[in-house]
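Colleague:
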Amino acid sequence: MARVGMSAPVSVVAGGKTAKALRDGLGIATVGDLLRHYPRRYVDPGELTDLASLQVGEHVTVFAEVVSASTRRMQQRKGTVSEVVVSDGRGRISLVFFNQPWRSESQLRTGRRGLFAGTVSAYGGTRQLAHPRFVMLPDAGEDDAEGEAAFSDLIIPVYPATAGLPSWRIQQSVRLALDAVDDADDPLPPSVRIGHGLLGLPDALRAVHRPIDRESIELGQRRLRFEEAFGLQAVLAQRRHELRGQAATPRARRTAGLLEAFDERLHLQLTEAQARVGDEIAADLEGSHPMHRLLQGDVGSGKTLVALRAMLQVVDAGGQAALLAPTEVLAQQHLRTLQRFLGPLAERGLLGGDIEGTRLAFLSGSQSAKTRREELAAIASGEAGIVVGTHALLEETVEFADLGLVVVDEQHRFGVEQRAALAERAREGLRPHVLVMTATPIPRTVAMTVFGDLDVSVIDGYPPGRGTIATHVVAPREHPAHLTRAWQRVREEVAEGRKVFVVCPRIGDDGADVGDEDIGSVEPETHPVSSVLDVTAELSERLLPDLRVGMVHGRMSADDKDEAMRRFGAPSDDPDALDVLVATTVIEVGVDIPAASTMVILDADRFGISQLHQLRGRIARGGEDGLCLLVTASDPDTPARERLAAVAATTDGFALARVDLQSRREGDILGTLQSGRRSSLRLLEVIRDEDVVREARDAATEIVEDDPELKRWPALRAHIAEIANDDRSDFLEKG
Ligand code: ADP
Ligand code: MG
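Heads up: the sequence shown is residues 749 to 1483, going by my numbering.
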């Protein structure tokens, strides 16, 4: 065969049908794609696959031995059914073929071994593969080209496959590709490769696709894993370099300014963490390059105050600051919080306002045209020092006099294009400083990978006087009385003047709830899932008719939502106040109602761990202890129930983040932090491979610092151009 390049179409090494199946089923279009389709695991012909681990619904390739084969006539219908039982020496699984009696008689004789590929199903309590594809280990002297090919290696690679394209077909194409390809240009510079004791690319590809032993697999994977980390880190290093080349207006701290006046007025003592992080940010703001900082702090750690002080520094220096919230409810609440914190300092130009002060502007999608015009004018003239809003802030028509700082709250809900759009608002090539706040604790390596071009500040610790929250799992299917008791507790709390959230996974009425509420899980429905509309009716009519029950969800108008939140926040002796608020996850982030002591989360198994933690962070914010009840109809000993138990066991957000990460697949994690798309990482697992990520980061930084455009490294340049263009690694843009 002629020598071909990595970019040659896959049809040069695969027949038309196979090439089509590779393209359609696995997204493999080029020889390079094929060689980057690494085996998922390996079969050692001395060792049969452990059949106990197979999950129903999974597409599997197993190596097993035939223990029995029989064919019988079907009773209800015409034809035969052949059942072949295969075993790994312990467990068994049935292969079922309809109307193919010759199969069991000839190829699938007792004692023969082979690879069987299919989707695991369950039938009458036993697991089976219906109509599996298979290839048998040839008997001595037998003429079976496919079998010979599949078993010619000492260790057989098992590829992620599809129903139409079994692993051994992929193996054949890969083998042809390995022989044919001649320009596997190595993206790793030789100094990096040698310095880290890594195989070259062609050797590494051979090692993972046609391994001679387990060690060679490990060596090959080590090199490829490093390469993945290195590629990402090189992109991020370039981005950091680029950011350092950008200019921003320095916003120096000022004596006798607004910030000092604010600090004097503040009746709180900053926590040590708030003060430290505040200093880091203050120093960044004084620089002539744009700050690009991620502020991490658990729910309730006091991020808002830190952000506000940064904003005041910028206003003191003559600039404006924008605070972006992911939802209308949250934007409204930020506005109220800032008004409360700033008092007369936010009322310049109004009667009783401080002349040293500034003005707050607010922009949202649901404002009247007149209000909006006034706010826009105040923003454009610079009269408004601080602007709070949702993404309506990012519309073209919003013009700032001198935007100096953008604070983005709860980053994981905010798209990058939107943030980029705001950065573009800067004048004359000067970019605003950017502070991104998140309450989702992100492990260091994930932060390094996903937010690798941001500096990270962490607020560890909480303001004093926060109550502790006791969390319990309530399983009415096992203990019906516990739910009755839960509503009783709700009544007791309300009698003490406290407030209660009741959270539901759905809004109700129609099946598909969309909007700014995430529905936690994708498990199949086994019972009707609680909805805000139904539960509100049920509580106010039947279970808690003596209490004032209201609701808030994403399909309500901004005004109605705001009204509900205001009534829920009002003191209990206010005739207009609500005692109980039934809500979706609109209240997940940032909502601050000090009197809320209790939260009942219905169908809690529908939510993820970090979502539950976020939700729970809404209570016990007024100094008193809180109670969180996780109501579930899930069965004991299921993963769902274990997640709930983990949430009940600790309120440490970082510990929970770790449990969360362990219980999910890597791709899902990156997927959540990103825009939900698939990542380009194949072998690298950023949690497990922390050392690799760190080493690759150092190596990539050194290469990029030395040669930012990578002029000397065309193969690396081409490689990362592909990463950056690759739709699937879109998350890099999220930095
Ligand atoms: P989050 O980090 O979740 O956004 P917030 O900024 O909403 O946390 O702060 C949680 C609560 O703690 C708020 O009611 C806030 O006013 C209060 N708070 C913040 N900093 C302090 C402090 N240093 N001392 C006392 N209370 C504080
Ligand atoms: Mg907050």
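Beta carbons are placed, not taken as given, at the ideal position from N, Cα and C, and that holds for glycine.
All values derive from a computational prediction rather than experimental measurement.
1) Once DSSP output is grouped into helix, strand and coil, what is the label at H1057?
2) Considering just the uninterrupted stretch of the beta strand (DSSP E) at G1488, what are its terminal residues?
3) Report buried or exposed for G979, applying the criterion of at least 16 other Cβ atoms within 10 angstroms of its Cβ.
4) Cβ-heavy atom distance between G1026 and the ligand COA below 8 Å?
5) Determine the extent of the alpha helix (DSSP H) in which F1010 is found, giving its start and end residues.
6) For G1105, count neighbouring C-beta atoms within 10 Å of its own C-beta (all shown protein chains included) and say buried if the count is 16 or more, exposed if not.
7) Just to confirm, are N847 and V833 a CB contact at a threshold of 9 Å?
8) For H944, which option in D1455, A1447, G993, A955 has the closest C-alpha, if you only look at C-alpha atoms?
9) Taking the beta carbon of M754 as the centre, do at least 16 other beta carbons fall within 10 Å, making it buried, or is it exposed?
10) Between W1235, G1245, V1280, which lies nearest to C1512 when the distance is taken from Cα to Cα?
11) According to the neighbour-count rule (16 or more other Cβ atoms, all chains shown, within 10 Å of its Cβ), is M822 buried or exposed?
12) Taking 8 Å as the cut-off, is the beta-carbon of R1057 closer than that to any non-hydrogen atom of the ligand ADP?
13) Which residues does DSSP list as the beta-bridge partners of L1183?
14) Please determine, among R838, F845, R820, E813, the residue with the shortest C-alpha to C-alpha distance to R857.
15) Taking 9 Å as the threshold (C-beta atoms), are G1371 and G1213 in contact?
16) Consult DSSP for G1066 and reduce its assignment to one of helix, strand or coil.
17) In or out: A1260 buried (at least 16 other Cβ within 10 Å) or exposed?
18) Classify T1119 as buried or exposed, calling it buried when 16 or more other Cβ atoms lie within 10 Å of its own Cβ.
19) Rounded to the nearest angstrom, what separates M1039 and L991 at their Cα positions?
20) Got a sec, what are the start and stop residues for the alpha helix (DSSP H) E1076 sits in?
21) Using only the alpha-carbon positions, how far apart do V1262 and T1332 sit?
22) For L828, write down the residues that DSSP places opposite it in a beta bridge.
23) I think I1134 touches L1071, with their Cβ atoms under 8 Å apart; what is that distance to the nearest whole Å?
24) How big is the Cα-Cα spacing for R923 and H957?
25) Could I get the ranges of all uninterrupted alpha helix (DSSP H) runs contained in the region 1266-1345, with 4 residues as the minimum, in chain order?
26) Just checking S1049 against the ligand ADP - is the residue's beta carbon closer than 8 Å to any of the ligand's heavy atoms?
27) Opposite D901 in the DSSP bridges: which residues?
28) With burial defined as no fewer than 16 other Cβ atoms inside 10 Å of the residue's Cβ, what is the status of G1097: buried or exposed?
29) Check this for me: beta carbons of S1345 and A1405, under 9 Å apart or not?
30) Would you call the region 1138-1152 in contact with the region 1003-1011, where contact means no fewer than 3 C-beta pairs closer than 8 Å?
31) First and last residue of the alpha helix (DSSP H) that includes Q919?
32) What residue range is occupied by the uninterrupted beta strand (DSSP E) comprising K1459?
33) Considering only residues of the same chain and omitting the five flanking positions on each side of G1066, which have a CB-CB separation below 7 Å?
34) Could you tell me if L1016 is buried or exposed, where buried requires 16 or more neighbouring beta carbons within 10 angstroms of its beta carbon?
Modeller: So, to answer that:
1) A small fix is needed here, since residue 1057 is Arg in this sequence, not His. Correct three-state label for R1057: helix.
2) In this structure the chain extends from 749 to 1483, so residue 1488 is not present and cannot be described.
3) By the 10 Å Cβ count, G979 comes out buried.
4) You won't find the ligand COA in this model; what it holds is the ligand ADP and the ligand MG.
5) It spans 1006-1013 - the alpha helix (DSSP H) in which F1010 sits, taken as one unbroken run.
6) Looking at its Cβ environment, which holds 16 or more other Cβ atoms inside 10 Å, G1105 is buried.
7) Cβ distance not < 9 Å, so N847 and V833 don't count as in contact.
8) Considering only alpha carbons, the answer is A1447.
9) With 16 or more other CB atoms across the displayed protein chains lying within 10 angstroms of its CB, M754 is buried.
10) A query on residue 1512 cannot be resolved here, the shown segment of the chain reaching from 749 to 1483 and no further.
11) Answer is exposed; the Cβ neighbour count stays below 16.
12) Outside the cutoff, so no.
13) DSSP output for L1183 lists R1041, V1155 as bridge partner(s).
14) Nearest C-alpha to R857: E813.
15) Yes, the Cβ-Cβ distance between G1213 and G1371 is below 9 Å.
16) Looking at G1066 - three-state DSSP - the assignment turns out to be coil, as it is neither helix nor strand.
17) Note on A1260: pLDDT 46, under 50, position unreliable in the model; no value is reported.
18) Exposed is the call here.
19) C-alpha separation (whole angstroms): 9 Å.
20) Its alpha helix (DSSP H) spans residues 1076-1090.
21) In this predicted model, V1262 has a pLDDT of only 37, less than 50, meaning its place in the structure is not dependable; the value taken from the coordinates is given anyway. Whole-angstrom Cα-Cα distance: 11 Å.
22) The question names Leu, but residue 828 in the sequence shown is Thr. Checking the DSSP bridge columns, you'll see T828 partnered with R821.
23) With a Cβ gap of about 7 Å, I1134 and L1071 count as contacting.
24) Pairing R923 with H957, the inter-Cα distance amounts to about 8 Å.
25) The qualifying runs are 1280-1286, 1306-1317.
26) Checking every heavy atom of the ligand ADP against the Cβ of S1049, one is found closer than 8 Å.
27) DSSP lists no bridge partner for D901.
28) Exposed, because fewer than 16 other Cβ atoms sit within 10 Å of the Cβ of G1097.
29) Contact annotation: S1345 and A1405 have beta-carbon atoms that are not nearer than 9 Å.
30) Segments in contact, no.
31) Q919 -> alpha helix (DSSP H) spans 915-928.
32) K1459 -> no beta strand (DSSP E), and no H or E assigned at all.
33) D1150, listed in sequence order.
34) Exposed, by the Cβ-count rule.
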